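The structure appears below as structure tokens.
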Amino acid sequence: YSQHFADVLDLRRNALVTLPIAEVLQAPGQPNRRFLVSLMHEGVLSDPVSNLIDLQHERAVLTFNNLITGTKLAPLLGRILERLERAYGRPVDTEFTASVEAQGGVRVNLLQCRPLFLPGAAASAPVEAHIPRERILFRSSSMINGGVVRDIRYLLWIDPRRYSAIDDMTVKQTLGRIVGRINDHPDVVAGGVVMMGPGRWGSSNIELGVNVGYADIDNAAVLVEVAAEESGQVPDISYGTHFFQDLVEAEIVFMAVFPTEKAAEFNCSFFATAPNALCDLLPACAPYADIIHLIDVPAAADGRLAHVIADSQVRKGICFLE
């Protein structure tokens, strides 16, 4: 799962080329290989103690272990981000280059610095505590941004257990395109939608989550990553990193839900019994109705709509019917 290739500038050819990591590391003028790689021997990784690495006979794996543990790069970046955040009064998005000296000294050049607006970060959105339990759809204590979204008509629900049970990879690949069609449907755009799916939305590994692009989810009011450990989804989910900047700029509320946790108050019966409106809106997608569940909330909840309140300051969020 490590990086096997790198994009490099070939100055002699005046071209951008992609080369195997081993070939890049074998090039002259690479005095700091030990900060970049670990060595694989009989299935065990070890970190080199010097730059005398024989890449012809040893398998190098790009891990950056020594860079993180053996230099001051991570603490230095932490101090830079803290100082910039104090100066701008909010988190910042930065781009930088870094170089490491043979003895472990680090130089960081800051290239760009952009103030980062996080919806819900400037002002707290109080989470309503006195909502009857039967009207709670789920709670979350994990989010990257907050906010209040009211009067949501649709819930797109992809059950992690059913998703993990799919053996045909072409079916999993097709699901992302169906999500995109739902995302673009005029009724869904007008009514608002909470998209809830297994694991990591946008992952290139369709075993970890629905393979969508940002254009497939850009009309979502709220995006939820659902982690159910027993169904094969890793609880340490992506927290929106595949679309982080897009989610922030579009002010899409993002949160993660662990339905097996008691604190989540996940309303399994509602999602299991609510009628599926997928065939009504997209009849051609009927073969996938057992996997993709599109809930028309007023039709399933006696005219009520869904509402989401997420307080990023106290890291509490709730989706409920009202």
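In our numbering, the protein residues as written are 1158 to 1479. Cβ coordinates follow ideal geometry from the N, Cα and C atoms, glycine included. If you're wondering where the values come from, they're calculated on a predicted model, not measured in any experiment.
Quick one, are the C-beta atoms of residue 1452 and residue 1332 less than 8 Å apart?
For the purposes of this step, residue 1452 is identified with residue 295 of the sequence shown, where counting begins at 1. For the purposes of this step, residue 1332 is identified with residue 175 of the sequence shown, where counting begins at 1. Contact flag unset, no.
Whole angstroms are fine: how far does the CA of residue 1318 sit from the CA of residue 1228?
Counting from one through the sequence shown, the residue named residue 1228 turns up at place 71. Counting from one through the sequence shown, the residue named residue 1318 turns up at place 161. Whole-angstrom Cα-Cα distance: 43 Å.
Hey, is the region 1324-1340 in contact with the region 1436-1451, meaning 3+ C-beta pairs nearer than 8 Å?
yes
Which residues in the same chain as residue 1399 place their Cβ atom closer than 6 Å to its Cβ, once the five residues preceding and following it in sequence are excluded?
As a working note, residue 1399 is residue 242 in the sequence shown. If we look at residue 1399 and ignore the five residues flanking it on each side, its Cβ neighbours are 1359.
In angstroms, rounded to a whole number, what distance separates the CA positions of residue 1466 and residue 1422?
For the purposes of this step, residue 1466 is identified with residue 309 of the sequence shown, where counting begins at 1. For the purposes of this step, residue 1422 is identified with residue 265 of the sequence shown, where counting begins at 1. If you take the alpha carbons of residue 1466 and residue 1422, they lie about 15 Å apart.
Taking the runs of the alpha helix (DSSP H) that are 4 residues or longer, which of them lie wholly in the region 1303-1365?
Taken in chain order, the complete alpha helix (DSSP H) segments of 4 residues or longer contained in the region 1303-1365 are 1317-1321, 1326-1341 and 1343-1348.
Helix, strand or coil: how does DSSP classify residue 1392 here?
Position 235 of the sequence shown, counted from the start, is the residue given in the question as residue 1392. Unreliable positioning characterises residue 1392 in this predicted model, as indicated by a pLDDT of 45, which lies under 50. A coordinate reading is not provided.
Alpha helix (DSSP H) containing residue 1426: first to last residue?
For this step, residue 1426 is matched to residue 269 along the sequence shown. Segment 1425-1430, the alpha helix (DSSP H) holding residue 1426.
Just checking my contact of residue 1194 with residue 1176 at CB under 8 Å: how many whole Å lie between their CB atoms?
The count along the sequence shown starts at 1 and reaches residue 1194 at position 37. The count along the sequence shown starts at 1 and reaches residue 1176 at position 19. Going by Cβ atoms, the distance from residue 1194 to residue 1176 rounds to 15 Å, so no, they are not a contact pair.
Relative to the alpha-carbon of residue 1414, which residue among 1351, 1407 and 1290 has its alpha-carbon at the smallest distance?
In the sequence shown, counting from the first residue as 1, residue 1414 sits at position 257. Nearest C-alpha to residue 1414: 1351.
Return helix, strand or coil for residue 1215, following the three-state DSSP convention.
The residue given as residue 1215 occupies position 58 in the sequence shown. Three-state result, residue 1215: coil.
Beta carbon of residue 1237, beta carbon of residue 1268: below 8 Å?
Here residue 1237 refers to the residue found at position 80 of the sequence shown. Here residue 1268 refers to the residue found at position 111 of the sequence shown. The answer is no: Cβ separation not under 8 Å.
Quick check: what's the CA-CA separation for residue 1455 versus residue 1273?
For the purposes of this step, residue 1455 is identified with residue 298 of the sequence shown, where counting begins at 1. For the purposes of this step, residue 1273 is identified with residue 116 of the sequence shown, where counting begins at 1. Taking the straight line from one Cα to the other gives about 36 Å.
Check whether the Cβ atoms of residue 1288 and residue 1162 sit closer than 8 Å, and answer yes or no.
Reading the sequence shown from its first residue, position 131 is the one you call residue 1288. Reading the sequence shown from its first residue, position 5 is the one you call residue 1162. No, Cβ-Cβ distance for residue 1288 and residue 1162 is not below 8 Å.
May I ask you to report which of helix, strand or coil DSSP gives residue 1272?
Position 115 of the sequence shown, counted from the first residue, corresponds to residue 1272. DSSP places residue 1272 in strand when its eight states are reduced to three.
Would you kindly check if the distance between the Cβ of residue 1363 and the Cβ of residue 1329 is under 8 Å?
Along the sequence shown, read from residue 1 onward, the residue named residue 1329 stands at position 172. Along the sequence shown, read from residue 1 onward, the residue named residue 1363 stands at position 206. Yes. Within cutoff.
Under the assumption that residue 1220 contacts residue 1159 (Cβ atoms under 8 Å), give the Cβ distance between them as a whole number of angstroms.
Within the sequence shown, residue 1220 is the residue found at index 63, counting from 1. Within the sequence shown, residue 1159 is the residue found at index 2, counting from 1. Going by Cβ atoms, the distance from residue 1220 to residue 1159 rounds to 6 Å, so yes, they are a contact pair.
Could you round the C-beta distance between residue 1203 and residue 1191 to whole angstroms and report it? I think they count as a contact, below 8 Å.
If you number the sequence shown from 1, residue 1203 lands on position 46. If you number the sequence shown from 1, residue 1191 lands on position 34. The pair is not a contact, with the Cβ atoms about 11 Å apart (cut-off 8 Å).
Look at residue 1377 and residue 1335 and say whether their C-beta atoms are less than 8 Å apart.
Stepping through the sequence shown from its first residue, residue 1377 is reached at position 220. Stepping through the sequence shown from its first residue, residue 1335 is reached at position 178. No, Cβ-Cβ distance for residue 1377 and residue 1335 is not below 8 Å.
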